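Residue numbers (the numbering used here): 109 to 677.
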């Protein structure tokens, strides 16, 4: 129950369904005419998928998802591939920590499965007889009773009928998702970002961030990489006498270019964990540029010292992109910048913020002190050839680079023994704090993307402990994080249009869907569905409801039909 409740909360938080067609007026008229109700369920969290799937269809993302089909099965399955993908997307949005929670939470949900395209019989009895035990003599179906007499193989001895099998089993979904090719996932991701850029979800000038993050797996993961690195044990009492230990980590690594303004990714790459950060840096930045096309441009990028490479920095300069990167303490340019502090241009600023709450609320003043040092020539690696023996040639001329030395900031105040930060840039030093703030924003990708993906979206919990399982899960998770973010922006835009009196088409029932869903019913009739308040169904069926909204009120059948456009005023 806790898993189902948490899934419902995650769906509501991340969205605010849609292979069936909504026909509110038609089904309302059928009910008023006395026709039988084909299928009816409590709406629950299923209603929250409605607008999200409308959003996918509006921008053509549903067509892009269909192209993921690997078509690797010799015999065509009765279950459409897009249905499987929608089920897996529901798993991600619901925030199910473990893949196998998909069975009781999603596959056994009649409303969710009906929306994906399965009928009631599929959800109850499954789309095939695989895994169903033989019928016993005591469970022969009675024509007068419902057809719910299949016995699960695990329950053969008890001969108890299975209530809901689900349309497919979790293993079938695993096989389909893990069969998706890496190139298809990469193409889907890039096309999605291109569509978002085309529809102006990014600002015209993007101040991007680049970082790499490890996606850890177990040692038994098939196809994973491994890397050994030093780690400081958490022994607080042995402050200066702690020896570092070597730790071996297994898994994969992702590279992401991210826009902190729109909170959308621009490009993504996936590899095993031992691949150096710098290896795919230029490739993923170029992909981000291609994805934006002519609709937006990357004007600056903040990167960590793990991407320190002269060729990469020079390539960014050749593309007209300003970079912000901290120098390593053992580099000549780092020592050169510190020695030129007296000749630099000092700047400072102060900001007042509040700390604590209630009676403990106090005002705190944060201060910063920077020194701008222009035209350093000790970064010989900064050039088209990078580092190498050519730096020792007599005719070698290093390219100048600018630096901002951070003498004091809130981090330095709390960590006085830390090294002084020197931020290298090819941009102007007219406003040194633009350089500092440009690099300082880099922490947002770690907190706003990677940490969120790991802790809330469970990006390290694939459907299968293999490289293909991790790759599919990583791409689909980050894709959904982007789409749900864009979806919320789209909803805000639709609301503004509605306030101005514009007709937003599929947004006609937005207000109804956003209300509390606990007192609503969803009715299915073949490939049509409609959402009603519970009292509306009773009134349409010919019963009187004295207090439909908690207070005495007379609502007639014609009132409801007019509301949904089944009859004219």
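Note that the Cβ used here is the ideal one computed from N, Cα and C, for glycine as well.
Computed from a prediction, not measured in an experiment: that's the story for all the values here.
Between residue i and residue j, what straight-line distance do the alpha-carbon atoms span, to the nearest angstrom?
i           : j           : result
residue 149 : residue 287 : 34 Å
residue 176 : residue 235 : 22 Å
residue 204 : residue 385 : 30 Å
residue 424 : residue 201 : 36 Å
residue 217 : residue 513 : 58 Å
residue 268 : residue 373 : Its pLDDT being 46, under 50, residue 268 is placed unreliably by the model, and nothing is read from it.
residue 186 : residue 285 : 16 Å
residue 552 : residue 282 : 33 Å
residue 406 : residue 170 : 28 Å
residue 221 : residue 300 : 25 Å
residue 403 : residue 305 : 6 Å
residue 654 : residue 555 : 53 Å
residue 173 : residue 294 : 12 Å
residue 322 : residue 339 : 15 Å
residue 302 : residue 325 : 31 Å
residue 613 : residue 136 : Annotation note: pLDDT 42 at residue 613 (below 50); position unreliable, no value reported.
residue 520 : residue 166 : 49 Å
residue 397 : residue 133 : 47 Å
residue 401 : residue 391 : 16 Å
residue 440 : residue 446 : 10 Å
residue 319 : residue 658 : 54 Å
residue 577 : residue 523 : 41 Å
residue 531 : residue 560 : 27 Å
residue 443 : residue 415 : 19 Å
residue 623 : residue 332 : Confidence in residue 623 is poor, its pLDDT being 46 and thus under 50, which makes the residue's placement unreliable; the coordinate value appears in the next sentence. Their backbone Cα atoms lie some 46 Å apart in a straight line.
residue 208 : residue 291 : 26 Å
residue 585 : residue 381 : 19 Å
residue 378 : residue 582 : 8 Å
residue 297 : residue 650 : 51 Å
Would you kindly report the start and end of the unbroken beta strand (DSSP E) that includes residue i?
i           : result
residue 222 : First-last for residue 222: 218-224, but that is the alpha helix (DSSP H), not the beta strand (DSSP E).
residue 334 : 333-339
residue 474 : 470-484
residue 641 : 636-641
residue 298 : Looking at the DSSP string, residue 298 is not in any beta strand (DSSP E); the run it does join, the alpha helix (DSSP H), is 290-306.
residue 678 : Residue numbering for the chain in the displayed model covers 109 to 677; residue 678 lies beyond these limits and cannot be assessed.
residue 529 : 529-533
residue 320 : 313-324
residue 457 : 453-463
residue 441 : First-last for residue 441: 440-447, but that is the alpha helix (DSSP H), not the beta strand (DSSP E).
residue 434 : 430-434
residue 628 : 628-633
Assuming residue i contacts residue j under a Cβ cut-off of 8 Å, what Cβ separation, rounded to an integer in Å, is found between them?
i           : j           : result
residue 495 : residue 489 : 4 Å
residue 647 : residue 663 : 6 Å
residue 219 : residue 630 : 6 Å
residue 492 : residue 419 : 7 Å
residue 435 : residue 546 : With 8 Å as the limit, residue 435 and residue 546 do not qualify as a contact, their Cβ atoms being about 15 Å apart.
residue 335 : residue 274 : That belief does not hold up - the Cβ atoms of residue 335 and residue 274 are roughly 40 Å apart, past 8 Å.
residue 511 : residue 481 : 5 Å
residue 328 : residue 357 : The pair is not a contact, with the Cβ atoms about 14 Å apart (cut-off 8 Å).
residue 309 : residue 370 : 6 Å
Kindly examine the ligand MN and report whether one of its heavy atoms sits closer than 7 Å to the Cβ of residue i.
i           : result
residue 643 : With respect to the ligand MN, the structure offers nothing, as it holds no ligand at all.
Could you spell out the range, first to last residue, of the alpha helix (DSSP H) harbouring residue i?
i           : result
residue 425 : 418-426
residue 139 : 132-140
residue 373 : From DSSP, residue 373 is part of no alpha helix (DSSP H) but of the beta strand (DSSP E) over 372-380.
residue 661 : Counting along the chain, residue 661 falls outside any alpha helix (DSSP H), and DSSP gives it neither H nor E.
residue 397 : 389-400
residue 367 : Per DSSP, residue 367 belongs to no alpha helix (DSSP H); it is in the beta strand (DSSP E), 353-367.
residue 200 : 189-202
residue 281 : 278-286
Apart from the five residues just before and just after residue i, which ones in its own chain have a Cβ nearer than 7 Å to its Cβ?
i           : result
residue 469 : 462
residue 180 : 287
residue 527 : 437
residue 206 : 569
In chain order, what residues of the same chain have a beta carbon less than 6 Å from the beta carbon of residue i, not counting five sequence neighbours either side?
i           : result
residue 194 : 224
residue 263 : Summary for residue 263: the model assigns pLDDT 42, below 50, so the residue's position carries little reliability; its value from the coordinates is reported in the next sentence. Cβ within range, chain order: n/a, list empty.
residue 640 : 629
residue 455 : 478, 540
residue 198 : 214
residue 533 : 432, 510, 543
residue 617 : Because the pLDDT of residue 617 is 39, which lies under 50, any placement of that residue in the model is unreliable, and the question is left without a value.
For residue i, which residues in the same chain have their Cβ closer than 8 Å to its Cβ, ignoring the five residues on either side in sequence?
i           : result
residue 192 : 276, 280, 281, 284, 285
residue 146 : 631, 632, 633, 634
residue 168 : 303
*asked:* Counting beta carbon pairs with one atom in the region 128-143 and one in the region 628-639, are three or more of them shorter than 8 Å?
replied: A contact between stretches requires three or more CB pairs, one per stretch, nearer than 8 Å, and the region 628-639 meets this requirement with the region 128-143.
*Are the region 473-483 and the region 449-462 touching, with three or more C-beta to C-beta distances below 8 Å?*
yes
_Would you call the region 570-582 in contact with the region 419-439, where contact means no fewer than 3 C-beta pairs closer than 8 Å?_
no
_Is it the case that the region 531-545 contacts the region 352-372, given that we only count it when at least three CB pairs across the two stretches are under 8 Å?_
no
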